[in-house]
Structures are given as structure tokens and as C-alpha cells.
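Asker:
Residue numbers (UniProt numbering): 1 to 90.
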């Protein structure tokens with residue numbers, strides 16, 4: 001299993017605009033495992049495991065082709081949780 005995990009919190013106009021579905025689409029073809037979900041504070045949380053290259057590619061795709069409008073994003077890198085169940089909307 002790969003050894004990296006990314007936790008990213010997106011703020012802005014990211015709920016009710018297809019942002020989670022777009023993030024899921026951006027993960028297609030990448031070996032990433034975890035979830036993207038709406039949070040009660042209006043942000044969207046991305047929590048995924050994968051190779052550093054695939055995680056960087058996913059973050060780049062989200063940044064360059066977002067749905068909605070991202071005002072801010074906090075990204076934290078951590079060791080992988082060892083997830084291998086796919087990538088879904090939580």
C-alpha cells in the first residue's frame with residue numbers, strides 16, 4: 001500500500017455546486033482511496049490515501065478545474081491509513 005494521506009478542507013462556494021462530484025471525477029484513473037464530503041460549516045473535506053504522485057495530481061486537478069469557487073484550501077499531509085476501498089462521496 002502507498003504511504004501518503006492528504007486531508008484538504010476547501011472553503012468558498014463549494015457546496016450545492018457539484019464540487020464533490022467533480023472531485024470524485026478528478027480522482028478517476030488515479031489510485032486514491034478515501035472520501036470527499038460536505039461539512040456542517042459549509043466547507044468540503046477531502047481525505048484520501050495514495051501515492052504522493054497521485055495525490056498531487058488530484059490536488060492539481062481540483063485547483064485547476066474546480067466546480068464552484070474555492071476561496072481557501074488547507075492541506076495536511078500525513079502517513080497513509082492503508083485504505084484500499086476506493087474513492088467515494090461521504
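Every residue, glycine too, gets a C-beta built ideally from N, C-alpha and C.
Residue ranges of each alpha helix (DSSP H) run of no fewer than 4 residues wholly in the UniProt domain "Acylphosphatase-like" (5 to 90), ordered along the chain?
Answerer: Here the runs fully enclosed are 19 to 26, 52 to 64.
Asker: To the nearest angstrom, how far is the alpha carbon of residue 83 from that of residue 72?
Answerer: In the chain shown, residue 83 corresponds to position 83, counting from 1. In the chain shown, residue 72 corresponds to position 72, counting from 1. The alpha-carbon atoms of residue 83 and residue 72 are separated by roughly 27 Å.
Asker: Thinking just about the alpha-carbon of each residue, which of 39, 40, 52 is nearest to the one in residue 78?
Answerer: Within the chain shown, the letter at position 78 stands for residue 78. Measuring from the Cα of residue 78, the nearest candidate turns out to be 52.
Asker: What do you get for residue 55, buried or exposed, if any count of 16 or more other CB atoms within 10 angstroms of its CB means buried?
Answerer: Counting from 1 along the chain shown, the entry for residue 55 is found at position 55. Counting Cβ neighbours within 10 Å, residue 55 comes out buried, since at least 16 surround it.
Asker: Going by CA-CA distance only, name the one from 41, 87, 85, 32 that's closest to residue 11.
Answerer: Start at 1 with the first residue of the chain shown, and residue 11 comes out as number 11. Among 41, 87, 85, 32, the Cα nearest to that of residue 11 is on 41.
Asker: In whole angstroms, what is the alpha-carbon distance linking residue 135 and residue 48?
Answerer: No statement about residue 135 is possible, as the shown extent of the chain runs from 1 to 90 and does not include it.
Asker: Just the C-alpha distance for residue 75 and residue 85, rounded to the nearest angstrom, thanks.
Answerer: For the purposes of this step, residue 75 is taken as the residue at position 75 of the chain shown. For the purposes of this step, residue 85 is taken as the residue at position 85 of the chain shown. For residue 75 and residue 85, the distance between alpha carbons rounds to 22 Å.
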